[in-house]
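6 is the number of the first residue of the sequence shown in my numbering; add one for each residue after it.
We put the beta carbon where it would ideally sit given N, CA and C, even for glycine.
First the structure, in the form of structure tokens, and then the observations on it.
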Amino acid sequence: MSPLAAHSLLMDIERAGNHIVAVGERGHILLSADEGRNWQQVATPVRVTLTNSFFVDDSFGWTVGHDGVVLKTEDGGKTWRKVLDGNRANEVMLAHAQARLAAFEDRIETAPQDQREELEAELEARTYMADDAEAFTDEGPSRPFLDVWFKDRNEGIVVGAFGLMLRTTDGGETWSAWYDHMDNASNFHLNAISRIGDHLYIAAEAGTLYRSGDWGQSWEMLESPYEGSFFGITGNARGRLIAYGLRGNAFQSGDWGDTWEIIDTGVDSSLFSGTMLNDGSVVLVGAGGVSLHIDASGQVTDTRRDASRLPLSKVLESETKGLLMAGPAGVHADAVTVGN
């Protein structure tokens with residue numbers, strides 16, 4: 006607990022019923038019942054940086070962070086307990102990789118000779134994944150979770166660095182490795198997961214984008230408009246998406262991500278968070294305190310920089326104050342008029 010928690014680095018802010026929950030460095034979690042004017046810190050079982058959070062209703066929520074931790078609340082953020090850490094996550098990933106490798110080796114043993122050459126090429130990839138999982142287990146809880154999404158109180162997915170991806174069907178009490186449900190042989194960082202309409206999207210490293218139409222059971226890799234990392238995707242239920250990432254790069258799609266066109270942002274600051282407003286406009290925020298307002302056609306209509314030039318990690322629409330933005334100095338309101 007810290008008297009300065011409300012003014013420290015906060016990575017994410019989410020709405021849970023009629024209050025807002027903020028998470029950040031040193032395991033800090035804070036609640037606000039008045040749109041961010043006042044904050045109350047709550048106790049947590051960890052002291053690592055918490056990177057993101059997600060609430061399915063006003064009671065059930067999860068937050069993830071460094072050292073592979075996942076915390077769960079069932080009372081709207083007032084109390085939290087740890088349901089996963091990096092050591093256990095590594096064990097789950099390793100057991101899954103070893104089981105897949107053993108099953109594939111058995112398959113090769115019984116395969117016709119003319120099929121073995123092709124199968125042995127895939128065996129090499131599975132051997133690499135098992136060796137990689139073992140190396141992470143030896144290293145310890147070094148991989149952070151970067152984002153979390155839940156369909157309901159039971160079914161959810163967490164994603165993170167070096168291809169880390171796990172799924173739960175019991176609210177986080179137990180977890181299954183899920184990395185083999187997508188094509189990510191290079192173990193790119195999975196930076197963000199979000200629901201848009203009836204699809205899930207993952208924004209990843211090296212220009213990689215994924216889409217799922219079956220709530221994460223399977224993932225397709227989309228044709229990417231550039232090779233730099235994406236940090237997030239926002240959009241609406243009509244299929245309009247905006248993906249954003251390194252050095253001011255942002256791209257717009259009107260067909261659920263099948264095709265993309267570049268947005269001239271006019272900045273070279275990396276963009277870390279975005280939200281689509283009710284009028285179809287979008288606000289993106291990022292490094293150097295930059296905030297961009299993009300209209301429904303994809304044109305930047307307003308560019309601002311916070312006087313502190315400190316990076317902004319999250320933007321959230323406020324019911325009474327326009328926009329709330331989180332960063333190294335806590336949460337502050339922005340004077341941008343929503344809808345302009």
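Residue 65 in three-state terms, based on DSSP | Looking up residue 65 in the sequence shown gives position 60. When DSSP states are grouped into helix, strand and coil, residue 65 belongs to the coil group.
Backbone secondary structure at residue 331 - three-state DSSP | Taking the first residue of the sequence shown as 1, we reach residue 331 at position 326. Looking at residue 331 - three-state DSSP - the assignment turns out to be strand.
According to DSSP, residues forming a beta bridge with residue 339 = As a working note, residue 339 is residue 334 in the sequence shown. Its beta-bridge partners are 328.
What are the boundary residues of the beta strand (DSSP E) that includes residue 162?
-> For this step, residue 162 is matched to residue 157 along the sequence shown. Element bounds for residue 162: 161-165.
Beta-carbon gap between residue 293 and residue 278 smaller than 7 Å = As a first step, residue 293 must be located in the sequence shown, where it is residue number 288. As a first step, residue 278 must be located in the sequence shown, where it is residue number 273. No. Outside cutoff.
Residue 208 - partner residues in DSSP beta bridges = Taking the sequence shown and counting its residues from 1, one reaches residue 208 at position 203. Paired residue(s): 197 and 214.
How long is the line joining the alpha carbons of residue 162 and residue 210, rounded to whole angstroms?
-> For the purposes of this step, residue 162 is taken as residue 157 along the sequence shown, with counting starting at 1. For the purposes of this step, residue 210 is taken as residue 205 along the sequence shown, with counting starting at 1. Rounded to whole angstroms, residue 162 to residue 210 spans 18 Å at the Cα level.
Limits of the alpha helix (DSSP H) - the one that residue 133 falls within = Sequence index remark: in the sequence shown, residue 133 carries index 128 (1-based). Residues 118-144.
Please go through the segment 6-72 and give each complete beta strand (DSSP E) segment of 3 or more residues, from N-terminal end onward.
-> 15-21, 24-29, 34-37, 45-47, 55-60 and 66-70
Beta carbon of residue 223 nearer than 7 Å to that of residue 186 = Residue 223 sits at position 218 when you count from the first residue of the sequence shown. Residue 186 sits at position 181 when you count from the first residue of the sequence shown. Taking 7 Å as the Cβ cut-off, residue 223 and residue 186 qualify as a contacting pair.
For residue 257, is the classification buried or exposed, using 16 other Cβ atoms within 10 angstroms of its Cβ as the cut-off for buried?
-> The count along the sequence shown starts at 1 and reaches residue 257 at position 252. Buried, by the Cβ-count rule.
Under 7 Å, do residue 282 and residue 289 count as touching if we go by C-beta distance?
-> Along the sequence shown, read from residue 1 onward, the residue named residue 282 stands at position 277. Along the sequence shown, read from residue 1 onward, the residue named residue 289 stands at position 284. The answer is no: Cβ separation not under 7 Å.
Given 8 Å, three or more beta-carbon pairs between the segment 173-183 and the segment 83-98 = yes
Span of the alpha helix (DSSP H), counted from its first residue to its last, around residue 346 = In this structure the chain extends from 6 to 345, so residue 346 is not present and cannot be described.
Is the CB-CB distance between residue 106 and residue 135 below 7 Å?
-> Translated into positions along the sequence shown, residue 106 becomes position 101. Translated into positions along the sequence shown, residue 135 becomes position 130. Taking 7 Å as the Cβ cut-off, residue 106 and residue 135 qualify as a contacting pair.
Considering only residues of the same chain and omitting the five flanking positions on each side of residue 52, which have a CB-CB separation below 6 Å?
-> Within the sequence shown, numbered from 1, the residue matching residue 52 stands at position 47. Counting only Cβ-Cβ distances below 6 Å, and skipping sequence neighbours, we find 31 and 32.
Could you check the C-alpha separation between residue 126 and residue 314 for me, to the nearest Å?
-> Working through the sequence shown from its first residue, we reach residue 126 at position 121. Working through the sequence shown from its first residue, we reach residue 314 at position 309. If I take the Cα positions, the gap works out to 50 Å.
Residue range of the beta strand (DSSP E) that includes residue 252 = Here residue 252 refers to the residue found at position 247 of the sequence shown. Per DSSP, residue 252 belongs to no beta strand (DSSP E) and is neither H nor E.
Proximity to residue 7 [Cα-Cα], best of 216, 46, 19 and 14 = The count along the sequence shown starts at 1 and reaches residue 7 at position 2. Of 216, 46, 19 and 14, the residue nearest in Cα terms is 46.
Touch test, the segment 113-133 against the segment 156-173, Cβ-Cβ under 8 Å, three pairs minimum = Put simply, the segment 113-133 does not touch the segment 156-173. Fewer than three CB pairs are less than 8 Å apart.
How would you write the range of the beta strand (DSSP E) that residue 281 sits in, first residue to last?
-> What you label residue 281 is simply residue 276 of the sequence shown in a count that begins at 1. Unbroken beta strand (DSSP E) run through residue 281: 276-281.
Mind pulling the beta strand (DSSP E) runs of 3 or more residues that sit fully within the segment 166-190?
-> 170-173
When the Cα atoms are used, what is the spatial distance from residue 66 to residue 60?
-> Residue mapping note: residue 66 aligns to position 61 of the sequence shown, counting from 1. Residue mapping note: residue 60 aligns to position 55 of the sequence shown, counting from 1. Taking the straight line joining both Cα atoms gives about 4 Å.
What whole-angstrom Cβ distance do residue 212 and residue 232 have, given they're in contact under 8 Å?
-> In the sequence shown, the residue the question calls residue 212 occupies position 207. In the sequence shown, the residue the question calls residue 232 occupies position 227. That pair is a contact at about 4 Å.
Contact check, residue 227 vs residue 246, beta carbons under 7 Å = Locating residue 227 in the sequence shown gives position 222, where the first residue counts as 1. Locating residue 246 in the sequence shown gives position 241, where the first residue counts as 1. No.
Below 8 Å on the Cβ atoms is my guess for residue 196 versus residue 234; work out the distance and round it to an integer in Å.
-> Counting from 1 along the sequence shown, the entry for residue 196 is found at position 191. Counting from 1 along the sequence shown, the entry for residue 234 is found at position 229. Confirmed, Cβ separation roughly 7 Å.
Among 77, 143 and 84, which one has its Cα closest to the Cα of residue 175?
-> Mapped onto the sequence shown, residue 175 falls at position 170. Looking only at 77, 143 and 84, the smallest Cα-Cα distance to residue 175 is reached by 77.
Counted within 10 angstroms of its Cβ, other Cβ atoms place residue 17 as buried (16 or more) or exposed | For the purposes of this step, residue 17 is taken as residue 12 along the sequence shown, with counting starting at 1. The residue is buried, with at least 16 neighbouring Cβ atoms inside 10 Å.
Short check: CB of residue 335 to CB of residue 15, under 7 Å?
-> Numbered from its first residue, the sequence shown carries residue 335 at position 330. Numbered from its first residue, the sequence shown carries residue 15 at position 10. Yes, Cβ-Cβ distance for residue 335 and residue 15 is below 7 Å.
From the DSSP output, in three-state form, read off residue 291 for me.
-> For the purposes of this step, residue 291 is taken as the residue at position 286 of the sequence shown. Of the three classes helix, strand and coil, the one that applies to residue 291 here is strand, per DSSP.
Grouping DSSP H, G and I as helix and E and B as strand, with all else coil, what is residue 267?
-> Within the sequence shown, numbered from 1, the residue matching residue 267 stands at position 262. The answer is strand: DSSP assigns residue 267 an E or B state.
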